[in-house]
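A quick write-up on the structure given underneath.
Number of protein chains: 2
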Amino acid sequence: MLAAHTPVPETTLGRIHPPTLNNLLASLPADVQGRLLPEMELVSLSLGQVLQEPGTKWRYGYFPTTCILSKIYLLETGATAEIAVIGREGMASICLLMGGDSMPNQTVVKSAGYAYRVKGSILKEEFDRSPASQILFLRYTQALLTQMAQTAVCNRHHTVDQQLCRWLLLNLDRISTSELIMTQELIASMLGVRREGITEAAGNLQDAGLIRYSRGHIHILDRKGLEARACECYAIVKREFDRLLPNITAA
Amino acid sequence: MLAAHTPVPETTLGRIHPPTLNNLLASLPADVQGRLLPEMELVSLSLGQVLQEPGTKWRYGYFPTTCILSKIYLLETGATAEIAVIGREGMASICLLMGGDSMPNQTVVKSAGYAYRVKGSILKEEFDRSPASQILFLRYTQALLTQMAQTAVCNRHHTVDQQLCRWLLLNLDRISTSELIMTQELIASMLGVRREGITEAAGNLQDAGLIRYSRGHIHILDRKGLEARACECYAIVKREFDRLLPNITAA
DNA sequence: ATGAAGGTGTGCGCTTCCGTACAGATTGAG
DNA sequence: CTCAATCTGTACGGAAGCGCACACCTTCAT
Chain A
1 MLAAHTPVPE TTLGRIHPPT LNNLLASLPA DVQGRLLPEM ELVSLSLGQV LQEPGTKWRY
61 GYFPTTCILS KIYLLETGAT AEIAVIGREG MASICLLMGG DSMPNQTVVK SAGYAYRVKG
121 SILKEEFDRS PASQILFLRY TQALLTQMAQ TAVCNRHHTV DQQLCRWLLL NLDRISTSEL
181 IMTQELIASM LGVRREGITE AAGNLQDAGL IRYSRGHIHI LDRKGLEARA CECYAIVKRE
241 FDRLLPNITA A
Chain B
1 MLAAHTPVPE TTLGRIHPPT LNNLLASLPA DVQGRLLPEM ELVSLSLGQV LQEPGTKWRY
61 GYFPTTCILS KIYLLETGAT AEIAVIGREG MASICLLMGG DSMPNQTVVK SAGYAYRVKG
121 SILKEEFDRS PASQILFLRY TQALLTQMAQ TAVCNRHHTV DQQLCRWLLL NLDRISTSEL
181 IMTQELIASM LGVRREGITE AAGNLQDAGL IRYSRGHIHI LDRKGLEARA CECYAIVKRE
241 FDRLLPNITA A
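Residue numbers (UniProt numbering), protein chains in the order written: chain A, 1 to 251; chain B, 1 to 251.
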């Protein structure tokens, strides 16, 4: 069931919450922004909302500003696993640009907030027409590719503890506070492990003084500590994002 | 250490072994083929040869005809994991087109054979210039993306037995015989598990009459049986390849 | 205030896979 | 033919994670 998006009317919010909060949009040259931004629409997305079901055609391109999106696979058994995180550094709907129009995974909102969206046809037209936007979007595609590949390796070789650290950092990079709103149940489904596994791992991190946990609220106390405890996967992906998209901060 | 490629001189081989054995090249319209094919060079690749080290700039685009390539991650601990397979259905060096020029993983030859290669600059120029080639290469990129994503999920949730089936099928689709030349040691490093794990899984498949194994030679006896025993991941990726690249046979 | 719902901590037996060690089998070079 | 190298089979203890069960503890609506 596709929840309806809530378009935000032209209010003060639109003016104090510009599309350029999204780093990709902000990195586009002025002429492309001039054409694209007027076509964009601010939408409010709520936690858990399903943006796109597997195999269905994307009608819009989404550029998060304050929300975080998650690409999630659903298996026949009901098991799930997150394969990519998308925040203000990027966009959802790569497949519109790649020409496939759909992908076999779900896209859900894992942190409530805002995003700008634009009709797929308009986005694709701009992509085909302007080399500057093409370069940017293709480089982002490669960054996303790297994130997925690293997720595959991480799933194979690293412990739940390490993966939780990586996962927290990945999300922390995409919000402006140091507090994540996320139940253990939800984290477990993203990492594709048991809820009890997260309870234990989070307990370890809390004992180590790295985070503070309370009923769906995670306060990050020691970012450096998390980085030290995370597997190499986080740093590799971050380095690639920085290399490919030098003007964009989040990993 | 980068082993030197062996360029194959203009002999009868070149004539009876055309670039169009590669399905991507074969799918290009005549005018693009007219420009690109004369620039291509047939190279012979041997088992285990390292085509590209992590983080190094790709100088050529590779289009396998009879060889199979593998994108492999190396972790700090020495652990490895394959994240994608590339055969005659595709190409290595996506990052040339995406603009990143390098990726943080290795590319190795996992089944000896031939490939055509072309200078990166020429390939990129053609990509930028001809919409037809761009559409094709971008759709292939999405297919590759799907393969990686599915690998991530598979690594998380499926047994070695299932993954071995998927892996055998993935390779079988990219060769013309029903015999794979591959030691258990090598397979283990690709799947990121112990060699003994493969011994056991292969033993199971042999007992079930699906394959016959002998010192680095695997004969596939019952393809349908393998498909039935594999996890859903194989079918999902194959379906996406077929959908995105309708004129291309291998998954 | 109070009961229900949702979120978290804990324990226990089980499976899968890992690490290690070693023995047997096949292949190929001298 | 013979020996060394390579590949494969087997065995065993241990670690990590799963599935399940259940006891708490917050929060929130009635």
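Cβ atoms here follow ideal geometry from the backbone N, Cα and C, with glycine treated the same way. These numbers come from a predicted model, not from an experiment.
Counting C-beta neighbours from all protein chains within 10 Å, is the total for residue i 16 or more, i.e. buried, or is it exposed?
i	result
Lys71 of chain A	buried
Asp173 of chain A	buried
Gly61 of chain B	buried
His219 of chain B	exposed
Arg59 of chain B	exposed
Val108 of chain A	buried
Asn155 of chain A	buried
Thr159 of chain A	exposed
Ala228 of chain B	exposed
Val153 of chain B	buried
Ser189 of chain B	buried
Lys110 of chain A	buried
Thr80 of chain A	buried
Glu76 of chain B	exposed
Glu39 of chain A	exposed
Arg139 of chain A	buried
Leu45 of chain A	buried
Ala143 of chain B	buried
Val50 of chain A	exposed
Pro131 of chain B	exposed
Arg117 of chain B	buried
Asn22 of chain B	buried
Glu126 of chain A	buried
Ile177 of chain B	For the record, residue 177 of chain B in the displayed sequence is Thr; it is not Ile. Exposed.
Could you give the residue range of the alpha helix (DSSP H) that holds residue i?
i	result
Val160 of chain B	Val160 to Leu172
Arg223 of chain B	Arg223 to Arg229
Leu36 of chain A	Ala30 to Leu36
Glu185 of chain B	Gln184 to Leu191
Thr199 of chain A	Arg195 to Asp207
Leu96 of chain A	Ile94 to Met98
What three-state label does DSSP hand residue i in the structure shown?
i	result
Leu45 of chain A	strand
Lys238 of chain B	helix
Leu51 of chain B	strand
Ser27 of chain A	helix
Glu179 of chain B	strand
His17 of chain A	coil
Leu2 of chain A	Unreliable placement is indicated for Leu2 of chain A, whose pLDDT of 40 sits below 50; no coordinate value is reported for it.
Ile248 of chain B	coil
Just checking my contact of residue i with residue j at CB under 8 Å: how many whole Å lie between their CB atoms?
i	j	result
Ala149 of chain A	Asn105 of chain B	7 Å
His17 of chain B	Tyr114 of chain B	6 Å
Ala26 of chain B	Cys67 of chain B	Incorrect: roughly 16 Å between the Cβ atoms, too far for contact.
Ile198 of chain A	Leu169 of chain A	16 Å between Cβ atoms; not a contact.
Ser102 of chain B	Lys57 of chain B	5 Å
Gly78 of chain A	His157 of chain B	Actually they are not in contact, since the Cβ atoms of Gly78 of chain A and His157 of chain B sit about 10 Å apart, beyond 8 Å.
Ala92 of chain A	Ile86 of chain A	5 Å
Leu123 of chain A	Leu96 of chain A	6 Å
For the beta strand (DSSP E) that residue i lies in, which residues bound it at each end?
i	result
Lys124 of chain B	Unbroken run through Lys124 of chain B is the alpha helix (DSSP H), Gly120 to Arg129; no beta strand (DSSP E).
Ala84 of chain B	Thr80 to Ile86
Gly61 of chain A	Tyr60 to Pro64
Ile212 of chain A	With the sequence shown as reference, residue 212 of chain A is identified as Arg, and Ile is not the correct amino acid for it. Ile211 to Ser214 is the span of the beta strand (DSSP E), which, as asked, contains Arg212 of chain A.
Leu69 of chain B	Ile68 to Leu74
Lys110 of chain B	Gln106 to Ser111
Legend entry - Near-chain B residues of the stretch 39-69 of chain A - C-beta to any C-beta below 9 Å: From the stretch 39-69 of chain A, no residue has a Cβ closer than 9 Å to chain B.
Inset, instruction - Return the residues of the stretch 135-146 of chain B that lie within a Cβ-Cβ distance of less than 7 Å from chain A, sorted by chain order. - result: Taking 7 Å as the Cβ-Cβ cut-off against chain A, the residues of the stretch 135-146 of chain B that qualify are Ile135, Leu138, Arg139, Thr141, Gln142, Leu145 and Thr146.
Legend entry - Proximal residues, the stretch 87-108 of chain B versus chain A, C-beta separation under 8 Å: Cβ contacts with chain A come from Ile94, Cys95, Leu97, Met98, Gly99, Gly100, Met103, Pro104 and Asn105.
Inset, instruction - Can you give me, in chain order, the residues of the stretch 218-247 of chain A that have a beta carbon less than 7 Å from any beta carbon in chain B? - result: Contacts with chain B (Cβ-Cβ distance below 7 Å) from the stretch 218-247 of chain A involve Glu232, Ile236, Glu240 and Leu244, listed in chain order.
Legend entry - Interface positions of the stretch 148-161 of chain B facing chain A (Cβ-Cβ less than 9 Å), listed along the chain: Of all residues in the stretch 148-161 of chain B, Met148, Ala149, Gln150, Thr151, Ala152, Val153, Cys154, Asn155, Arg156, His157 and His158 have a Cβ within less than 9 Å of some Cβ in chain A.
Inset, instruction - Could you run through the stretch 175-193 of chain B and flag, in chain order, every residue whose CB is less than 7 Å away from some CB of chain A? - result: Along the stretch 175-193 of chain B, the positions whose C-beta sits under 7 Å from a C-beta of chain A are Gly192, read in chain order.
Legend entry - Short-range partners of chain B found in the stretch 119-136 of chain A, where Cβ spacing is below 8 Å: Within the stretch 119-136 of chain A, the qualifying residues are Asp128, Pro131 and Ile135.
Legend entry - Members of the stretch 197-209 of chain B that neighbour chain A once the beta carbon cut-off is set at 9 Å: Against chain A - using a Cβ distance shorter than 9 Å - the stretch 197-209 of chain B contributes no residues.
Inset, instruction - Taking a Cβ distance cut-off of 8 Å, strictly less, list which residues of the stretch 68-85 of chain A are near chain B, in chain order. - result: Within the stretch 68-85 of chain A, the residues whose Cβ lies closer than 8 Å to some Cβ of chain B are Lys71, Tyr73, Leu75, Glu76, Thr77, Ala79, Ala81, Ile83 and Ala84, listed in chain order.
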